[in-house]
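Reviewing the structure listed below.
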Amino acid sequence: MRFWVLCLLGFGLLLPLGAGATVPVPDGYPKTSAVTYDVWREGSRIGTYQVDFQRDGDRLRVHTRMNVEVSLLFIPFYHFDHEAVEDWVDGKLVHYASKTDDNGTDRNVLLARDGNTLRGQYNSQQVTLPADIIPCSLWNPATVDQKQLLDPTAGEAFAVTVFDRGLEPVKEGAQTVEARHYSITGEMNREVWYGADGLVIQASYKAADESLLTFKLRSVDAGSPAASQTALK
């Protein structure tokens, strides 16, 4: 069984933009420094997904971590550990790096901006992508305006179509809030609910074994994003 990072972790999307176009990080976003989600599968909590934001002037670093373990009769039979760093400068993605242990299979992605492209490697394979592609980590509200997304674990571009399903009530801790539901379909399929402030409240997708994975917001660190020395090479 293989789980993909919720591109939220794996969620994804993007219609190719014109040469030199950018996919901006919304002005003033994010207003938090860290967000944590619980990952659920068939009624059981199987892990966590965390997004940390560090800002330094026009630079924004987004550090995502996902740790999942699935057990049967208390015996672990599947694990997925993923860590990624996105570096944005003036709203442009300039560097992306990820390391993934997919149940014993190592996956490493390293990309850097080179003019109108992102160039780098997935394991030993050369990769070239549009510079304006968004990693499918879903934190960026501009994700829903795209037609293609970067798979954070394999450095691939997935073509998608996004549908706005409208406002729906979603549980956020002990309360119920209104969130806008988007369906991401195509080479990657995701459901995601954004709050009024652009924060992902909930997301879900089917794993390779057809079980449903659901990401539920657990906590938000309301502090302002701060500078950080986080590095992933």
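Using the working numbering, the first residue of the sequence shown is number 41, and each one after it goes up by one. A virtual CB, placed ideally from N, CA and C, is assigned to each residue, including glycine. Computed from a prediction, not measured in an experiment: that's the story for all the values here.
Buried or exposed by the 16-neighbour rule on C-beta atoms within 10 Å, applied to residue i
i                : result
phenylalanine 51 : Note that phenylalanine 51 scores 33 on pLDDT, short of 50, meaning its location in the model is unreliable; the coordinates nonetheless yield the value given after this. Classification of phenylalanine 51: buried, given that the 10 Å Cβ count is 16 or more.
alanine 236      : exposed
asparagine 180   : buried
proline 209      : exposed
glycine 160      : buried
threonine 216    : exposed
alanine 262      : exposed
threonine 193    : buried
For residue i, the three-state DSSP class (helix, strand or coil)
i             : result
alanine 199   : strand
threonine 145 : strand
proline 181   : helix
threonine 254 : strand
threonine 62  : Here the model assigns threonine 62 a pLDDT of 43, short of 50, so the residue's position is not dependable, and the following value carries that caveat. Coil.
alanine 262   : coil
proline 192   : coil
glutamate 231 : strand
leucine 239   : coil
alanine 247   : coil
CB contact flag (residue i, residue j, <7 angstroms)
i                : j              : result
phenylalanine 72 : glutamine 90   : Position check: residue 72 holds threonine in this sequence, whereas phenylalanine was assumed. Contact: no.
proline 116      : glutamate 123  : no
valine 232       : alanine 243    : yes
tyrosine 258     : aspartate 121  : Looking at the sequence provided, one finds arginine at residue 258 rather than tyrosine. No, the Cβ-Cβ distance between arginine 258 and aspartate 121 is not below 7 angstroms.
threonine 157    : threonine 168  : yes
alanine 199      : glutamate 227  : yes
arginine 220     : leucine 207    : yes
asparagine 163   : asparagine 143 : no
tyrosine 136     : proline 175    : yes
histidine 103    : aspartate 96   : no
Best match in the options for proximity to residue i [C-alpha to C-alpha]
i             : options                           : result
threonine 82  : Leu252, Arg258 and Leu257         : Here residue 82 turns out to be glutamate, not threonine, going by the sequence shown. That would be Leu252, whose Cα lies nearest to the Cα of glutamate 82.
aspartate 185 : Asp204, Gly195, Pro170 and Ser177 : Asp204
glycine 87    : Arg99, Ala74, Gln94 and Ser111    : Ser111
glutamine 188 : Thr201, Ser177 and Ala137         : Thr201
lysine 256    : Ser177, Arg85 and His103          : Arg85
aspartate 98  : Phe114, Pro70 and Tyr118          : Pro70
lysine 246    : Ala74, Lys211, Ala262 and Thr225  : Thr225
alanine 171   : Asp146, Leu178, Gly155 and Gln165 : Gly155
glutamate 218 : Asn229, Ser177 and Ile241         : Ile241
Proximity test, Cβ basis, 7 angstroms: residue i and chain B
i           : result
glycine 160 : Annotation note: the requested chain B is absent from the structure, which comprises a single protein chain.
Presumed contact (8 angstroms Cβ cut-off) between residue i and residue j, rounded CB distance
i            : j            : result
leucine 151  : glycine 195  : 7 angstroms
arginine 101 : valine 134   : Not quite, the Cβ-Cβ distance comes to about 11 angstroms (not below 8 angstroms), so this is no contact.
lysine 132   : arginine 153 : 7 angstroms
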